[in-house]
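I have placed the structure first, in the form of structure tokens, so that the comments after it can refer back to it.
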Amino acid sequence: MAALSLEVRAKSFPAVGTAPEKRVLENVRLSVEPGERLAIIGPSGCGKTTLLNIAAGLDRDFEGRLVRDRSARLAYVFQEPRLLPWRTVADNLRFVLFDDDPTEVDARITAVLAEVGLEGTQAVFASRLSLGMARRAALARAFVVRPDLLLLDEPFVSLDEPTAQHLRLLLLELLERHRTTVLFVTHALHEAIMLADRLLFLTASPARVLAVREVPLGAAERRDPLAVEACRNRLLAEEAELARLLLPASAAAPSPLAEVAPG
């Protein structure tokens, strides 16, 4: 049985003032198997975040059907870290563990902060974190609940490329260690190739499924910028329609070949 199955026959935003109704999704179907990592890729504004919100159950105003285990633990990493600035790092993580054994909570927080490289930050207020550290704290908050299903909405957007690549490698390690089911959104093809098992491409709005492709890379190749770039170039060369959809945005993004490997 799929960990998540979603059919969106239609999703529109209602008219507001002089702005007319806007159709954003149309006949989009996807499923994610247990332990699989599926990336949703498409141009900016095509409805990727809307689709993720529907999958999370945050947006129920659509025509279609969502099927997932309601008892499964779900974690959502948003585009912004969404930490409570007046709370400490530990308190931000403790906030999502309200139904867990309190005798285990502190140990779990300490362990997950160590996993993301934030050892010793439990008492630091979230407002004092750099953006890169806040992104790490958001990842820690997601993994501390031991999610069965992890949703990520461009979690490294607005970071400089070396920092973003460092966090992609960190996330890859976390995903390999915890083996959770993942559905994530990105507009960066090289990021999707690095992190996902399967790629689902959306057209411009109103978004439809353009293609679904497997990622033919092993664990070591995902960590090699040259292998990721070669896979990206091969996919775009073989799929003219994908190239027309993605190359304008991709051309503006830094090539992973120019990334600085973290020390």
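Heads up: the sequence shown begins at 1 in UniProt numbering, then just goes up one per residue.
Here a beta-carbon is modelled for each residue, glycine too, at the ideal position from N, C-alpha and C.
Notebook entry, point to check: For Thr50, is the classification buried or exposed, using 16 other Cβ atoms within 10 angstroms of its Cβ as the cut-off for buried?
Noted result: By the neighbour-count rule (16 or more Cβ atoms within 10 Å), Thr50 is buried.
Check: Can you tell me whether DSSP reads Val105 as helix, strand or coil?
Finding: Note: Val105 maps to helix in three-state DSSP.
Note to self: Pop quiz: Leu200 and Val209 are said to be a contact at Cβ under 8 Å. What is the actual Cβ separation, rounded to whole angstroms?
What the structure shows: With 8 Å as the limit, Leu200 and Val209 qualify as a contact, their Cβ atoms being about 6 Å apart.
Next item on the list: With a 10 Å radius around its C-beta and 16 neighbouring C-beta atoms as the bar for buried, classify Gly35 as buried or exposed.
Entry: Looking at its Cβ environment, which holds fewer than 16 other Cβ atoms inside 10 Å, Gly35 is exposed.
Note to self: Which runs of the beta strand (DSSP E) at least 3 residues long sit entirely within the region 54–116? Give them in chain order.
What the structure shows: Whole beta strand (DSSP E) segments, 3+ residues: 63–68 and 74–77.
Checklist line | C-alpha gap between Asn53 and Asp59, whole angstroms | finding: A straight-line Cα-Cα distance of about 6 Å links Asn53 and Asp59.
Check: So, helix, strand or coil for Leu149, using DSSP?
Finding: Here DSSP, grouped into helix, strand and coil, assigns Leu149 to strand.
Next item on the list: Determine the DSSP secondary structure at Val157, reduced to helix, strand or coil.
Entry: Coil, per DSSP.
Checklist line | Close Cβ partners of Val157 (< 8 Å) along its chain, the five nearest in sequence each way excluded | finding: Contacts found: Gln79.
Margin query: Given a cut-off of 7 Å on the beta-carbon distance, is the pair Val24 and Ser205 in contact?
Written below: Yes, the pair counts as a contact, with Cβ atoms nearer than the cut-off.
Note to self: Between Leu242, Arg37 and Asp153, which has its C-alpha nearest Val215's C-alpha?
What the structure shows: Checked all of Leu242, Arg37 and Asp153; the closest Cα to Val215 is Arg37.
Next item on the list: Give the range of the alpha helix (DSSP H) segment to which Val228 is assigned.
Entry: For Val228, the enclosing alpha helix (DSSP H) starts and ends at Pro225 to Glu238.
Margin query: Would you call the region 159–176 in contact with the region 91–101, where contact means no fewer than 3 C-beta pairs closer than 8 Å?
Written below: These segments do not touch.
Notebook entry, point to check: From what residue to what residue does the alpha helix (DSSP H) around Glu191 run?
Noted result: Looking at the DSSP string, the run of the alpha helix (DSSP H) that includes Glu191 is Leu189 to Leu195.
Note to self: Give me the residue from Ala192, Glu63, Ser12 and Val105 with the minimum Cα distance to Arg146.
What the structure shows: Residue Val105 is the option with its Cα nearest to Arg146.
Notebook entry, point to check: Going by beta carbon distance, what residues of the same chain come within less than 8 Å of Leu84, once the five residues before and after it are set aside?
Noted result: Asp91, Asn92, Phe95 and Ala126, listed in sequence order.
Item checked: Buried versus exposed, by CB contacts within 10 Å (16 or more), Pro20 -> Burial call: exposed.
Note to self: Please list the terminal residues of the continuous alpha helix (DSSP H) segment that includes Leu139.
What the structure shows: Taken as a continuous stretch (DSSP letters only), the alpha helix (DSSP H) holding Leu139 covers Leu131 to Val144.
Item checked: Strand pairing of Arg208, partner residues [DSSP] -> None; Arg208 has no bridge partner.
Item checked: Range of the contiguous alpha helix (DSSP H) that encloses residue 266 -> Since the first and last residues shown for the chain are 1 and 263, residue 266 lies out of range.
Check: Which one of Val185, Leu174 and Ala137 has the shortest CA to CA distance from Asp153?
Finding: Considering only alpha carbons, the answer is Val185.
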